[in-house]
């Protein structure tokens with residue numbers, strides 16, 4: 006009756022999100038560390054196993070958990086398979102071990118132990134009835150040994166390790182308690198947790214604003230991107246662009262006949278989401294591009310923008326998938342008092358929704374078939390949660406290597422919930438966090454429990470929609486410092502092309518690009534003077550060489566006595582790699598500060614230690630946890646110290 | 006499709022314990038305040054109802070919840086019935102209200118609104134198909150009014166309150182999301198949350214140590230107890246006491262023939278747990294005593310000690326209910342290297358356990374039948390959790406007015422878990438918390454979430470087993486200060502008789518009574534000089550007159566610049582009654598300190614306010630949140646200020 010429901014309590018299980026309603030996320034190769042409180046009434050010896058069921062396993066694998074302090078047990082399991090792995094805990098009472106603890110105290114009190122000893126042997130005999138041959142032999146031998154022991158040696162015989170291991174196994178068969186529900190960890194490939202993104206418009210890879218770039222042109226550009234150290238190249242939609250209500254330069258409603266329109270106005274007589282804009286090339290050209298990218302260590306990410314231009318074939322074939330107005334027209338995308346006349350939103354709640362959902366899923370499958378494994382999802386927060394959960398779960402079941410990045414700039418609850426229901430990575434508010442206090446506050450939040458278990462921040466310095474004021478007015482130092490922040494605050498970050506050239510012409514008073522690339526071709530000289538490509542190359546190299554910069558959840562901010570500086574420590578799991586980043590977040594002025602590193606907690610001998618600035622190669626010998634740092638944004642806006 | 010599972014998220018529901026696995030506790034008349042985050046994708050108008058199902062209701066009652074800030078909704082329900090009340094939340098989207106928000110923005114932009122308006126009216130027409138007659142009429146009238154409105158007045162017509170109330174009701178019929186699981190609040194009677202306990206041995210109510218006191222003697226004593234202001238009188242076991250291995254004075258193993266033995270060694274040839282010790286009287290005498298108590302505003306609490314003396318009838322009739330040893334004997338209660346030869350523990354896991362459990366439940370039912378409604382449960386932590394859950398749920402289902410107090414001095418997890426699974430009140434570590442920092446730390450913990458939702462501390466100053474050192478050595482001032490702490494730190498507290506006489510003779514080096522009443526009759530002069538009955542009477546009167554002292558969860562500690570003083574504020578829900586308690590916890594020396602009250606937060610004008618010491622009647626006018634307090638334990642160890 007030991008296993009009677011509720012007699013053993015398993016509570017406060019970590020990691021776990023909302024009582025197990027949602028999965029935690031890990032990277033293949035990660036050690037899943039689980040801990041929980043387990044206890045029962047009386048003075049019973051409790052045993053706890055961590056149970057894990059990887060995708061390929063038919064059975065639950067067991068790992069004994071260790072008691073680390075009263076009621077707290079910890080177990081580890083190394084995740085080696087992609088996809089959904091289940092885990093939970095099982096606990097039971099070992100009556101023999103319970104007895105042996107009392108027996109020790111009777112022994113040391115000098116009382117007659119003969120009856121007590123026989124009580125213990127009776128428990129062992131009971132276990133033998135449930136034991137397999139091996140355990141039966143161990144127990145049988147142990148009984149003999151115990152019987153032959155003198156009073157002086159008997160406790161050693163009673164608590165022999167092989168005997169206790171056997172009673173642990175046998176006692177479970179008397180009944181155990183299992184934590185419910187089963188918990189899930191979604192195991193992703195390493196790029197889900199560590200990657201550097203480069204966003205570019207394929208059509209702009211041209212020398213003339215009159216002629217669209219092609220996939221072939223993109224191929225020619227990839228080497229430059231690979232040399233900078235990026236590993237994901239993300240394209241805005243590559244599909245045919247609508248003609249009806251096409252937007253002209255600077256989002257004008259009067260386009261010239263040659264204006265290419267927004268690539269997010271997807272669909273024309275030339276096809277929809279499964280077609281390629283004819284000016285970019287063919288599907289074969291695209292597949293060739295994927296091969297070329299792969300040969301350079303690059304991976305192509307596509308945009309999933311589930312919306313349609315009025316010319317999209319869906320509008321003709323499935324008008325019921327859209328919103329209809331009282332005058333019979335289809336509703337444009339709108340955000341009162343604005344309407345977007347080149348785009349129709351899809352009605353995910355239309356009566357024919359299962360067909361629509363299946364069609365949208367088939368789009369993802371089409372591009373997976375073509376060789377794509379990373380998708381950046383446009384505005385997921387305007388579509389139902391249940392759709393994303395269904396789509397991502399369905400796709401990842403067949404293709405656990407697929408990565409979905411949520412581009413949801415909306416309220417925190419919705420951003421977090423999209424991550425909870427399956428998005429692999431998420432856009433963030435990083436782009437608007439400029440001051441040291443708000444950077445600290447935000448990244449403390451992102452690295453806190455349980456957010457860090459499900460939300461992987463992908464820090465973009467800029468996007469075609471966002472040119473923050475700090476970049477518009479801060480000049481090259483701003484581009485440098487924002488790059489360093491993005492690349493070292495999270496293992497996943499990205500830039501939108503033009504950043505390396507410090508392009509910073511904005512619409513006055515708005516955080517938007519003037520002459521936005523969304524509405525025109527933008528040929529560029531990628532080696533124009535003043536570019537920061539050497540810095541980008543160096544930063545990406547530093548990231549690759551330092552495991553401390555390749556994990557989430559490992560950030561600690563340092564006390565700094567000047568609000569213009571922000572400082573933080575990142576470390577590898579085994580503390581063999583410790584990085585201290587100090588950034589002057591004010592692009593206009595030199596600033597200095599005392600930085601309290603608390604490096605002693607990372608095993609550093611803080612009375613004398615060496616830090617090497619990985620940006621310059623210069624080494625400093627420090628003699629305290631509190632050190633003086635001066636940074637002039639004109640010459641060097643940041644240190645990235647490796648602590649020796 | 007609005008109600009599709011997961012499209013609306015309801016999360017972070019308060020109050021809730023461990024995802025709803027356990028009930029919260031409230032007192033009848035309490036307002037249950039529930040809050041949660043509710044959100045969905047897009048810009049939809051969300052409606053949220055609090056659903057409540059009291060025991061007598063067949064249906065769920067609805068209360069609209071109010072949005073208090075982004076995504077956060079709050080609802081209240083006044084609990085009027087004893088027993089298990091269920092509650093949960095339901096949320097849905099009101100398409101019309103969603104539309105009306107966009108409509109307002111189209112209106113103010115000056116665009117042509119005719120099609121938009123018709124879109125909105127179409128939504129209303131859709132609602133009418135689901136509406137009852139009343140709502141149908143409201144909507145139909147509203148449509149007319151809206152059609153007749155000018156542009157200037159149309160928004161007012163669109164958002165008329167009766168219309169929005171109707172669309173709120175109708176839109177729910179399109180589909181809603183309900184939080185799972187249903188949550189439970191156990192509603193207890195007021196004594197569960199506010200009571201003063203007095204523990205006494207009925208057999209000691211005698212003038213001679215040679216003759217056992219009787220229930221008649223107890224009756225004569227009750228007036229004295231009622232005058233002191235107590236309302237619960239708790240008796241150790243009143244059943245026949247075993248003869249075999251009976252303990253003598255001071256727990257001696259050689260009793261004299263007249264020694265009465267420990268009342269916790271229950272059972273003899275004269276009967277077991279459903280019998281009364283013949284020397285105390287008959288069952289009728291007991292019932293007469295209950296009546297007498299009731300007439301004085303007192304309630305009798307009995308002890309539930311589920312263990313047996315070797316002479317208990319169960320041992321003969323149900324030997325299988327006990328633990329059997331390898332030599333054929335029954336196992337005594339033990340805590341190696343100690344054995345308690347006058348007591349056999351019951352084996353709750355014996356193969357015949359369902360019969361044992363039913364018998365134990367029938368004991369509780371027997372005393373309920375006799376008129377008892379409060380039980381103090383002896384050592385519940387040595388019996389299985391599942392037994393208590395089953396017992397308490399079963400009893401409270403039939404008798405929701407029954408109160409169970411858990412006497413579990415064990416590790417915190419087990420103490421808390423017993424409260425989670427149903428115990429109404431719990432013993433605490435209060436008795437050993439002497440210093441101001443440990444009092445603060447402990448009561449911060451007890452009043453924190455979620456502990457405060459399920460754990461009701463019953464603070465005993467002393468028990469027959471515990472005479473803390475502070476009482477042994479601190480003399481009368483210690484008795485005074487510990488009484489004031491117990492009575493004002495929690496609405497439920499108790500003393501064990503003799504406390505009022507400042508009895509403090511301990512076993513040297515132990516926190517135990519010398520000549521313990523557990524093993525001998527203790528006649529006393531209840532009006533002996535030096536008694537603190539006037540103080541007890543005054544304290545209990547102050548408690549009854551001040552609602553601030555009648556609730557849990559409302560305690561805040563004040564900053565004090567002397568570690569010998571502890572200060573805290575308690576308040577009534579409406580802040581009309583605010584009490585500031587300051588205690589010198591050092592019984593040996595006068596101490597003074599500055600106390601920072603932060604009373605401004607309670608609406609007090611802190612530039613000039615009056616506090617009245619309810620112990621002395623003296624009033625002080627204070628002009629700051631920081632005030633000087635001096636307390637001499639010889640004359641007055643504490644202030645209990647009512648803030649005017």
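Chains as they are written, first to last, in my numbering: chain A, 6 to 649; chain B, 6 to 649.
We treat Cβ as the ideally placed atom computed from N, Cα and C, and that holds for glycine.
Just so it is clear, the structure is predicted and the values come from calculations on it, not from any experiment.
C-alpha gap between residue i and residue j, whole angstroms
i	j	result
residue 309(A)	residue 380(A)	6 Å
residue 62(B)	residue 85(B)	12 Å
residue 188(A)	residue 457(B)	28 Å
residue 254(B)	residue 315(B)	19 Å
residue 211(B)	residue 547(B)	31 Å
residue 71(A)	residue 79(A)	5 Å
residue 134(B)	residue 251(A)	40 Å
residue 204(B)	residue 591(B)	26 Å
residue 242(A)	residue 600(A)	45 Å
residue 604(B)	residue 570(B)	18 Å
residue 654(A)	residue 497(A)	Nothing about residue 654(A) can be read from this structure; chain A reaches only from 6 to 649.
residue 518(B)	residue 475(B)	13 Å
residue 672(B)	residue 495(B)	The requested residue 672(B) does not occur in the structure, where chain B is confined to residues 6 to 649.
residue 444(A)	residue 487(A)	11 Å
residue 392(B)	residue 432(B)	19 Å
residue 136(A)	residue 174(A)	8 Å
residue 641(B)	residue 512(B)	29 Å
residue 207(B)	residue 370(B)	22 Å
residue 459(B)	residue 46(A)	19 Å
residue 297(A)	residue 224(A)	7 Å
residue 650(B)	residue 442(A)	Absent from the model: residue 650(B). The displayed extent of chain B is 6 to 649, so no value can be given.
Assigned exposure category for residue i - 16 Cβ within 10 Å defines buried
i	result
residue 623(A)	exposed
residue 23(B)	exposed
residue 440(A)	exposed
residue 633(B)	exposed
residue 326(B)	buried
residue 198(B)	buried
residue 288(A)	exposed
residue 389(B)	buried
Residue i - partner residues in DSSP beta bridges
i	result
residue 340(B)	343(B)
residue 632(B)	600(B)
Contact the region 104 to 120 of chain B vs the region 157 to 166 of chain B: 3+ CB pairs below 8 Å = yes
request  = Select from the region 248 to 274 of chain B all residues with a C-beta closer than 9 Å to any C-beta belonging to chain A, and list them in chain order.
outcome  = none
ask   = Just checking, does the region 464 to 478 of chain B make contact with the region 432 to 440 of chain B on the three C-beta pairs under 8 Å criterion?
value = yes
request  = Output, in sequence order along the chain, the residues in the region 117 to 136 of chain B whose CB is closer than 7 Å to any CB in chain A.
outcome  = 120, 123, 124, 127
request  = Would you list, in chain order, the members of the region 411 to 436 of chain A that have their beta-carbon closer than 8 Å to a beta-carbon of chain B?
outcome  = 416, 418, 419, 422, 426
task = Decide if the region 168 to 178 of chain B is in contact with the region 138 to 158 of chain B; the criterion is three or more beta carbon pairs, one per stretch, under 8 Å apart.
result = yes
query = Is the region 211 to 224 of chain B touching the region 51 to 59 of chain B in the sense that three or more CB pairs, one from each, lie closer than 8 Å?
reply = no
task = Would you check if the region 263 to 272 of chain A and the region 288 to 298 of chain A touch, i.e. whether three or more CB-CB distances between them fall below 8 Å?
result = no
request  = Residues of the region 19 to 38 of chain B with a CB closer than 7 Å to any CB of chain A: list them in chain order, please.
outcome  = 23, 24
inquiry  = Any contact between the region 552 to 569 of chain A and the region 10 to 25 of chain B? By contact I mean 3 or more CB pairs, one from each, below 8 Å.
reply    = no
query = On the three-pair Cβ rule with 8 Å, is the region 538 to 547 of chain A touching the region 446 to 454 of chain A?
reply = no
ask   = Any chance the region 176 to 184 of chain A sits against the region 98 to 105 of chain A, with 3 or more Cβ pairs inside 8 Å?
value = yes
inquiry  = Under 7 Å, CB to CB, which of the residues in the region 450 to 472 of chain A have a partner in chain B?
reply    = none
request  = For the region 86 to 111 of chain A, enumerate the residues whose C-beta is nearer than 9 Å to any C-beta of chain B, in chain order.
outcome  = 106, 107, 108, 109, 110, 111
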